[in-house]
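Numbering (full-length UniProt numbering), first residue to last: 1 to 221.
For glycine and all other residues, C-beta sits at the position ideal for the given N, C-alpha and C.
One structure below.
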């Protein structure tokens, strides 16, 4: 049976030091006010009520919001996978065109504006951003946060954020392609011609002719 440390019957190795009010093992987990300030009971209850209401309004999300966020994550993942696939195909096509000396691919590379933007973006990411670009990015992030806070304050408590909902829906409806789509090559054209021939043959085989059924003569086509 364990008794307190002040009892003389406890062994010597279990005895601790003198009582310390602010020791680590007795430290409270509550948020402490700075020393020298006296908080009344009314202010304490008001602050706790405000914090709880703010927490409740901030965390209140409907099933539609959760479903939209989930679908947005899936859509973003699928978009990234498609871009990776197009980049791999673009790399292989460019290597083949360089080995064969394809002039059409070279002209497409020089004329396609989306491909030029992709190359410029890759060069900027490779060289790194300078001090001015970092400042601009920081200002843009700060401005976007302020706009989001202002929008939340204008929406009011308990009211849905219509603008955020429209932005989420626009993410699904508007397709933003950063990696250019490659022009069809010779293999693709040949495969399309073969598919067209096969489909035309199937349609000709599946074509039905009208016929007349006569009780005396039989079937007449």
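From residue 162 to residue 131, what does the alpha carbon distance come to, in whole angstroms?
Position 162 of the chain shown holds residue 162. Position 131 of the chain shown holds residue 131. Those two C-alpha atoms are separated by around 37 Å.
Starting from the Cα of residue 184, find the closest Cα among 80, 105, 79, 141 and give me that residue.
The residue labelled residue 184 in the question sits at position 184 within the chain shown. Measuring from the Cα of residue 184, the nearest candidate turns out to be 105.
Rounded to whole angstroms, what is the Cα-Cα separation between residue 85 and residue 79?
Position 85 of the chain shown, counting from 1, holds the residue named residue 85. Position 79 of the chain shown, counting from 1, holds the residue named residue 79. When rounded, the distance between both Cα atoms is 10 Å.
Give every residue of the same chain whose Cβ lies closer than 7 Å to the Cβ of residue 123, excluding the five residues on either side of it in the sequence, and list them in chain order.
As a working mapping, residue 123 is identified with position 123 in the chain shown. Taken in chain order, the list of residues that qualify is empty.
From this set, 139, 71, 75, which residue's C-alpha is nearest residue 237's C-alpha?
Nothing can be reported for residue 237, as the shown portion of the chain is limited to 1 through 221.
Any idea what DSSP makes of residue 138, helix, strand or coil?
Your numbering for residue 138 matches position 138 in the chain shown. Three-state DSSP puts residue 138 in a helix.
So what's residue 66 in DSSP terms, helix, strand or just coil?
Indexing the chain shown from 1 puts residue 66 at position 66. Of the three classes helix, strand and coil, the one that applies to residue 66 here is helix, per DSSP.
Going by CA-CA distance only, name the one from 119, 170, 64 that's closest to residue 90.
Locating residue 90 in the chain shown gives position 90, where the first residue counts as 1. Per the Cα distances, 119.
In angstroms, rounded to a whole number, what distance separates the CA positions of residue 151 and residue 164?
Residue mapping note: residue 151 aligns to position 151 of the chain shown, counting from 1. Residue mapping note: residue 164 aligns to position 164 of the chain shown, counting from 1. Distance between the alpha carbons of residue 151 and residue 164: 9 Å.
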